[in-house]
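Step one of this worksheet: look at the structure below.
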Amino acid sequence: MTPPLIAILSGFSEMPDNGPPAYALRRNYVEAIAAAGGAPLIIPPLADERLLMALYERADALLLSGGEDIEPARYGAPPHAALQQVNPARDAAEFFLVRRALEEGKPLLGICRGIQVLNVACGGTLYQDIPTLLPSSIDHNASKQHPGWSLLAHDLHLEPDALLAELLGTERIATNSLHHQAVKDIGAGLRVVGRAPDGIIEALEGTGSSFVLGVQCHPELLRAELEPRWQAVFDALVRTTREVEETKR
Ligand code: MN
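Quick note on the working numbering: the sequence shown kicks off at 14 and runs consecutively.
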C-alpha cells in the first residue's frame, strides 16, 4: 500500500554565507521516518494558515522537531532572564497545526521542543531554564558537547503501563539530553509516562484513543547506532498512521 505521509515541521535557519534565508530540518528526522516506511513531508512554518492547512490536510500524521524556546507568553509567563532564542513565527505555525491534529486525532509525535509545544498547546507550562530553576546533578545539555549530539547522558524511567514502555520493551532506557527547558505543569489530556532520574518530566502521552506521544530526548539521533530500540517510536507512528488511514477506506 502507499506509504503514509508524515509531515515534519521544519524551522528557520541562519545561514553562515550571508545568502538569502533558509528553512532547516536535520536529516535524522527524515531518515528515521523513512526507515519506518513513512514518506517524510517537510512542512515550512508558513504564516498563511490557509496554505498550512493545505499541506496539513494532505499529511496523515505530524512530527514536531526540535528547536528554539517557546515564547513564554504562550503559557502566560513573563520571560525569564535565562530564556534563550525564541521564534514566534515558528510557534504560530506549530501551535496552529498541533491544535488541529489533537482535535482531529491525527497521530502526533513531538521531539524535544516538540514535547514542549505539545504540552503548552494543551494548556501546560514549562520551566524556562533547568540550571537556574531546577538545580540537578544531571547536566541536561551534556549531549551537546559530543559529536552528533548522541552521547547517552542519562536514563529515562518509564511508567510500566505506558505505550512508550511497551514500544521500547523496557521500563528503563538510556537517552541523549540536549535541553535547558522542561515540562512543568501538564496540559489537559496528557499524562507523564517518563522521567529522568532527577524527576524531570521527559515523556508524555495522550490519555485519549489517538496516538499522541512526546519525548524530550532525540531518538532520531540514537536509533541508527547507539540505542536502536529508539527506532520503535518512529515505527509506531508510521504503523498507527497506516492503521488510521486503512480504517478510513
Ligand atoms: Mn534530559
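Backbone N, C-alpha and C define an ideal beta-carbon position, used for all residues, glycine too.
Check                                                                                                                                                                          : Outcome
Enumerate, from N- to C-terminal direction, the unbroken beta strand (DSSP E) stretches of 3 or more residues contained entirely within the region 113-201.                    : 121-124, 167-171, 185-188
How is residue 211 classed by DSSP in three states: helix, strand or coil?                                                                                                     : coil
Where the beta carbon is closer than 7 angstroms to any heavy atom of ligand 1, which residues qualify, in chain order?                                                        : 151, 153, 166, 167, 188, 190, 192, 209, 213, 215, 229, 230
Could you give the DSSP three-state label for residue 53: helix, strand or coil?                                                                                               : strand
Can you list, in chain order, the residues of its chain whose CB lies under 7 angstroms from that of residue 243, leaving out five sequence neighbours each side?              : 232, 235, 236
Skipping 5 residues on each side, what residues in its chain have a beta carbon closer than 8 angstroms to that of residue 141?                                                : 82, 85, 90, 92, 93, 95, 96, 194
Contact defined as beta carbons within less than 8 angstroms: I believe residue 224 pairs with residue 203. What is the distance between those atoms, to the nearest angstrom? : Actually they do not touch by this definition, with Cβ atoms about 13 angstroms apart.
Could you work out which residue in 103, 240, 20 is closest to residue 114 when comparing CA atoms only?                                                                       : 20
Are residue 121 and residue 75 close, meaning C-beta to C-beta below 8 angstroms?                                                                                              : yes
Starting from residue 226, trace the beta strand (DSSP E) in both directions and tell me its first and last residue.                                                           : 225-228
Report the rounded CA-to-CA distance for residue 54 versus residue 18, giving the unit in angstroms.                                                                           : 6 angstroms
Find the nearest neighbour of residue 252 within the set 33, 48, 156, judged by alpha-carbon distance.                                                                         : 48
Identify which residue in 207, 189, 187, 188 has its Cα closest to the Cα of residue 196.                                                                                      : 207
Under 8 angstroms, with one C-beta from each stretch per pair, do the region 164-180 and the region 209-221 reach the 3-pair mark?                                             : yes
Is it true that the CB of residue 174 sits closer than 8 angstroms to the CB of residue 137?                                                                                   : no
Residue 112: buried (16+ other C-beta within 10 angstroms of its C-beta) or exposed?                                                                                           : exposed
Skipping 5 residues on each side, what residues in its chain have a beta carbon closer than 8 angstroms to that of residue 43?                                                 : 21, 53, 55
Thinking C-alpha only, which one of 58, 79, 51, 228 is nearest residue 171?                                                                                                    : 228
With H, G and I counted as helix, E and B as strand and the rest as coil, what does DSSP make of residue 218?                                                                  : strand
What's the gap between the Cα of residue 14 and the Cα of residue 261?                                                                                                         : 14 angstroms
Among 135, 70, 226, 107, whose alpha-carbon lies nearest the alpha-carbon of residue 80?                                                                                       : 107
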